[in-house]
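Quick note: the sequence shown uses our numbering, first residue 16, plus one each step.
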Amino acid sequence: MSKRWLWMLVAVFGVGAHAESIPAEHVRAAAAKSISLLQRTSKAFYKTQGCFSCHHQGLPTMALRVARERGVAVDEATAREVANRAFVLLTDRHSIDTAVQNSFLIDPSMSDGYMLSSAHDVGLAANLTTAIYARRLANWQRADGHWKTIDLRPPQSHSVFTATAIAMRAVQLYMPEGLKAERDERVKRAKQWLLSTAPRTTEERTSRLLGLAWAGDSEPDLRKAAENLLAQQRPDGGWAPLPSRSSDAYATGEVLVALARAGGIPTAHPAWQRGLRYLLGTQKEDGSWLVQTRLVSPAPVSPPYFESGFPYGHSQFISAAGTSWAVMALLLALPEAPNGGSKPLPVSDAGAHNAKPWMETALFGSGAELKTLLDRGLDVNSKTDGGTSLLMMAANDEEKVRLLIERGADVKAKAKTGFTALMAACLFRGTSGSVRLLLEKGAEVNPGKEILFNASPLFFAAFAGDRENVALLKEQRGDLQRRMMLLGQFPNSPLFMAASQGDAAMVKGLLQHGANVHEQDEFQMTALDWAVLGNHAAAVRALIQGGAKLNDADKFGYTPLLYAATIDFGDTEVVETLLKAGADPNIRNKEGKSALAQARRYPYPSIRRVLEASGASE
16 MSKRWLWMLV
26 AVFGVGAHAE
36 SIPAEHVRAA
46 AAKSISLLQR
56 TSKAFYKTQG
66 CFSCHHQGLP
76 TMALRVARER
86 GVAVDEATAR
96 EVANRAFVLL
106 TDRHSIDTAV
116 QNSFLIDPSM
126 SDGYMLSSAH
136 DVGLAANLTT
146 AIYARRLANW
156 QRADGHWKTI
166 DLRPPQSHSV
176 FTATAIAMRA
186 VQLYMPEGLK
196 AERDERVKRA
206 KQWLLSTAPR
216 TTEERTSRLL
226 GLAWAGDSEP
236 DLRKAAENLL
246 AQQRPDGGWA
256 PLPSRSSDAY
266 ATGEVLVALA
276 RAGGIPTAHP
286 AWQRGLRYLL
296 GTQKEDGSWL
306 VQTRLVSPAP
316 VSPPYFESGF
326 PYGHSQFISA
336 AGTSWAVMAL
346 LLALPEAPNG
356 GSKPLPVSDA
366 GAHNAKPWME
376 TALFGSGAEL
386 KTLLDRGLDV
396 NSKTDGGTSL
406 LMMAANDEEK
416 VRLLIERGAD
426 VKAKAKTGFT
436 ALMAACLFRG
446 TSGSVRLLLE
456 KGAEVNPGKE
466 ILFNASPLFF
476 AAFAGDRENV
486 ALLKEQRGDL
496 QRRMMLLGQF
506 PNSPLFMAAS
516 QGDAAMVKGL
526 LQHGANVHEQ
536 DEFQMTALDW
546 AVLGNHAAAV
556 RALIQGGAKL
566 NDADKFGYTP
576 LLYAATIDFG
586 DTEVVETLLK
596 AGADPNIRNK
606 EGKSALAQAR
616 RYPYPSIRRV
626 LEASGASE
C-alpha cells in the first residue's frame, strides 16, 4: 500500500477507524509483496550460505504458513526447494549421525528451537532425527525452567525469554510420545519461569506471551500479559523494541501477532488497527520494512558480511526478520481461507529410511529392551554407515552404557567425524554416571586433531552447563584451552562459550579448574568482552572477580566498556558493573570515540546518564 493511499484512508475514516476501514484487498496486496520478497531472498541466501538461519528460513517459513491459512499465494516450488535446504539436518541420509553427534552445534535453544518449530510449519512428520534433537533440547533446560542462548544479536537472537519460548515449543512439537511425562514436566517448568520472571523489552514481553499461550496458561495470565503489551503502544500506532528507540516493524509485527494469536485481542481492536495502519504506512514499495540493526560495534558476532538478497546492507538480517513478523500481522487481518488454505509440498526425508529398530531402542528404549536385542544377537558394536555406534546412541543412559560395556562395546570407537561415545554423553546434562563409566574404561578425554570442527568432550560438557562432567574431565587432564570451531567458522574455548551464554556458575567453575581468564581469540578479545556483548552482568562479575583486565583494548581498539556503550539492551547493569570495578571511561577507540561519545551518538540515553555521572568525558 502506498503512503499516499494510506493518508487518504486516514483522512476519510480518521485515526480511530476499525478493521472494515481498510479494504482487505489492499492488505492482501501488501502482504503478497512481502511474501514474494521473503521467498526470493530465502532462496538467494543459499547461494553463499549452507546453514539454517532464523532470520532467512525460520521466521519466513512461519510467515508462509500464515499466508497459506489466509489465502495469499505462495510459490510452493520455491518453498519446497528452500525447505529441503533449510531442514537438511533433519532429513538427509546422514541426519541420524549428525543428530546423535550434534556435530553442527551452534545454539540449541534458538537454532534447533526455530528449526524444529518451522519444520512443523512445512509439515515435516516426526522422525527419529527430530526426536533426537527434541530430547536433547529438552535436556538442556536449566533447573529453574529457562533455556540459555549464546546468540548476541538483539532483539531476535538474544533474549532468554525467546530462547525459552521457542525451545519449549520445539519440545512440545517433536518430543516422542514415549517421553510425554518428561515433556509435560519441561513445559510446566518453562511456564513457571515465564510467569515468575519480569520481562524488560518488547521482545521479552512478546516471547513471554507466546510462550505462556503455548504452555496452556490460564486466560487471566494471558490477558494480563496482553494488556502489558498494549500499554507500550506509541502514539504513531507502532511499538518500539526499547523505550529509548523509535517504533519499528519488527517490534510492531511481533506484538500484533502475539496479541492476536496468544493474547485474545481481536484484530478489530482499535489498538491492533492502529498497529496495522503503522505497518501499512511504513512498508516499502518492494514489500520490505527497514529495521535498523543494533549491532554497530566491530565485534564479529555474525558471519563475515555477505549479501543475502534482502535489502538494507548491514541491517538486512533484522529487516528480513522484521518483515516476516510484519507480514504475519498483515495476514492475520485477513479472513481465513476455506478449508484451512493450501498445503505445502512435502519435504524430502531421506533420513527416515535409514532409521533401524535397534537405533530407536538404543536411543529411546529401556535397558531391558536393549538387553533383549543383545541377547537375540544384536552386535554390541553395531554402527551406522557414518560410524555412529550403538554406544554413542545410548551414551546419555548410565544403565545402557554399563550394559554395553559389560557386553564388550568399544569405548574408543570413533565415527567418521572422529566423535566418540564420551563426546555424545557430554552433550547431555546429568550424565556423570555415563561419563565416569566411559572414563574408567579408557575413553579419550582429549581426542586427536582429526575430530570434525576440533570438538571435545570438555567443550560439550561446558556448553551443556554440566559442572560435574567438567570436573570429571578435568580430573583426567581435559584441555580447557581447546577451541571448537562452531559450524566450522567460530572458534570457541569452553570459557568463551560460557561467557557468551552468560553461565556465571560455569565461568566460575572453569576459572577454578584453571581456565585462563586472560585468554584472547584471534581478534584479541577476551571472555569479558564476550560477556559484555551478551549483556551478561553475572558473568561479567565472575570474570572480574577472576582477574579479568578491564582496560585492555582488542584488535579493534575496543575495551569492554567501549563495547558496553555500543549497544542498548534496555538496562545499564553491565556498564555500572564495569565502572564500579575500575573501567576507565575515557579510553578511546581507534576512531577517537570514548564510551560517552558512543552513547551520545547512537543515542543511548540511559547509558549516557550513567557515564556522565561517572565523570566520563566525550
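Glycine included, C-beta positions come from ideal geometry on N, C-alpha and C.
Check                                                                                                                         : Outcome
Alpha carbon of Tyr-189 to alpha carbon of Pro-361, nearest angstrom                                                          : 18 Å
Three-way DSSP call (helix, strand, coil) for Ala-277 in this model                                                           : coil
Endpoints, beta strand (DSSP E) assigned at Pro-506                                                                           : 505 to 507
Pair within 9 Å by beta-carbon distance, Arg-83 and Lys-358                                                                   : yes
Three-state secondary structure assigned by DSSP to Val-27                                                                    : Summary for Val-27: the model assigns pLDDT 31, below 50, so the residue's position carries little reliability, and this model does not support an answer.
Rounded separation between Arg-184 and Leu-104 - CA only                                                                      : 19 Å
Counterpart residues of Trp-254 in DSSP-defined beta bridges                                                                  : Asp-263
Close-in-space but distant-in-sequence residues of the same chain around Ala-365 (CB under 7 Å, 5 per side omitted)           : Thr-106, Asp-107 and Arg-108
Stretch pair the stretch 154 to 162 + the stretch 297 to 308: three plus CB contacts closer than 8 Å                          : no
Option nearest Leu-139 by Cα separation, candidates Ile-165, Leu-120, Ala-101 and Ala-513                                     : Ala-101
Uninterrupted beta strand (DSSP E) stretches inside the stretch 501 to 549 (no shorter than 3 residues)                       : 505 to 507
Cα-Cα separation between Val-25 and Leu-271, rounded to whole angstroms                                                       : Only weak support is given to the placement of Val-25: the predicted model assigns it a pLDDT of 36, under 50, and the value that follows is read from those uncertain coordinates. Going by the C-alpha atoms only, they are around 20 Å apart.
For Arg-249, the three-state DSSP class (helix, strand or coil)                                                               : coil
Reduced DSSP category for Pro-233 - H, G, I as helix; E, B as strand; rest coil                                               : In the sequence as displayed, the identity of residue 233 is Ser instead of Pro. Coil, per DSSP.
Neighbour-count burial assignment, Asn-566, 16 or more Cβ in a 10 Å radius                                                    : exposed
Met-499, DSSP secondary structure in three states                                                                             : strand
Separation of Phe-475 from Gln-535, as counted between CA atoms                                                               : 20 Å
Local conformation of Lys-431 per DSSP, three classes                                                                         : coil
Collapsed DSSP secondary structure at Glu-632 in the structure displayed                                                      : Before going on, a small fix: residue 632 reads as Ser here, not Glu. Note: Ser-632 maps to coil in three-state DSSP.
Residue nearest to Phe-443 in terms of C-alpha spacing, selected from Asn-411, Ala-436, Gly-402 and Thr-212                   : Asn-411
Proximal residues to Ala-141 (C-beta, below 7 Å), its chain only, five neighbours per side dropped                            : Tyr-189
Beta-carbon contacts of Leu-245 that lie in its chain and below 6 Å, excluding the five residues immediately before and after : Ala-286
Per DSSP, the bridge partner or partners of Pro-404                                                                           : The sequence given here has Ser at residue 404, not Pro. DSSP output for Ser-404 lists Lys-398 as bridge partner(s).
Residue from Asp-122, Arg-451 and Gly-503 whose Cα sits closest to the Cα of Leu-467                                          : Gly-503
Which of helix, strand or coil DSSP assigns to Arg-201                                                                        : helix
Span of the alpha helix (DSSP H) around Asp-390                                                                               : 382 to 390
Cβ separation of Arg-615 and Arg-603, assumed to be a contact under 8 Å, to the nearest whole Å                               : Not really, about 14 Å apart at Cβ, beyond 8 Å.
Status (buried if at least 16 other CB within 10 Å, exposed otherwise) for Asp-122                                            : buried
Alpha helix (DSSP H) segments (min. 4 residues) lying fully within the stretch 78 to 102                                      : 91 to 101
DSSP bridge partner residues for Ser-172 (one or two, in chain order)                                                         : Arg-168
Through-space distance from Leu-406 to Ser-450, alpha-carbon basis                                                            : Looking at the sequence provided, one finds Val at residue 450 rather than Ser. About 12 Å.
Residues near Lys-570 in its chain [Cβ-Cβ closer than 7 Å; skip 5 each side]                                                  : Phe-538 and Gln-539
Beta-carbon gap between Ala-554 and Ala-519 smaller than 9 Å                                                                  : yes
Within 9 Å, strictly: CB atoms of Leu-294 and Ala-341                                                                         : yes
Leu-194 vs Phe-379 beta-carbon contact at 9 Å                                                                                 : yes
Three-state class that DSSP yields for Phe-468 in the structure shown                                                         : helix
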